[in-house]
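Okay, structure first, notes after.
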Amino acid sequence: MYDLHAIAEEHLVAAHRDEHGRSANLIVRERPLRQSVIALTAGTSLDEHNTPPAASIQVLRGVIRVTARSGDTELPMGALYLLPPERHGVTAVTDAAFLLTAVND
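Using the numbering used here, you'd call the opening residue of the sequence shown number 7 and step up by one each time.
Written out as structure tokens, the structure is:
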């Protein structure tokens, strides 16, 4: 069992210590399923990148913005969002942590 609240807090502390304002850890790797906790300090972004065949984001703390060609979506704490099948980026509106769930072929 994983305590996502504690993991999110731990990575937010680490993100504040990191010169790039981010911290991440792969917590589940079970064949095609991968789950990672990612923490970003306010204003920090993950540059545009490809989406796996299936992926979702669950915001554990703070607010993030997902940017994509089809439009931007702001996600508050508690939101669960299915990532569209297109390139996207992520920006922390506030200090934030989220669970990225991805299924790869």
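In this text, a Cβ means the ideal position worked out from N, Cα and C, and glycines have one as well.
All values derive from a computational prediction rather than experimental measurement.
- Following the DSSP letters along the chain, one finds A74 inside the beta strand (DSSP E) bounded by residues 70-74.
- By the neighbour-count criterion, in which a residue is buried when 16 or more other Cβ atoms sit within 10 angstroms of its Cβ, G84 is exposed.
- Going by DSSP, L46 is part of the beta strand (DSSP E) stretching over 39-46.
- Look at the beta carbons and you see the region 31-48 touching the region 92-103: at least three pairs across the two are nearer than 8 Å.
- With a cut-off of 8 Å on Cβ pairs, the region 27-34 is not in contact with the region 89-96, counting fewer than three such pairs.
- Residue G77 holds the alpha-carbon nearest to the alpha-carbon of V96 among G77, D24, D111, M7.
- Put simply, the backbone Cα of L106 is about 17 Å away from that of A74.
- Residues of the same chain with a CB within less than 7 Å of the CB of Y8, apart from the 5 flanking positions on each side, are I33 in chain order.
- By the neighbour-count definition (other C-beta atoms within 10 Å, threshold 16), V65 is a buried residue.
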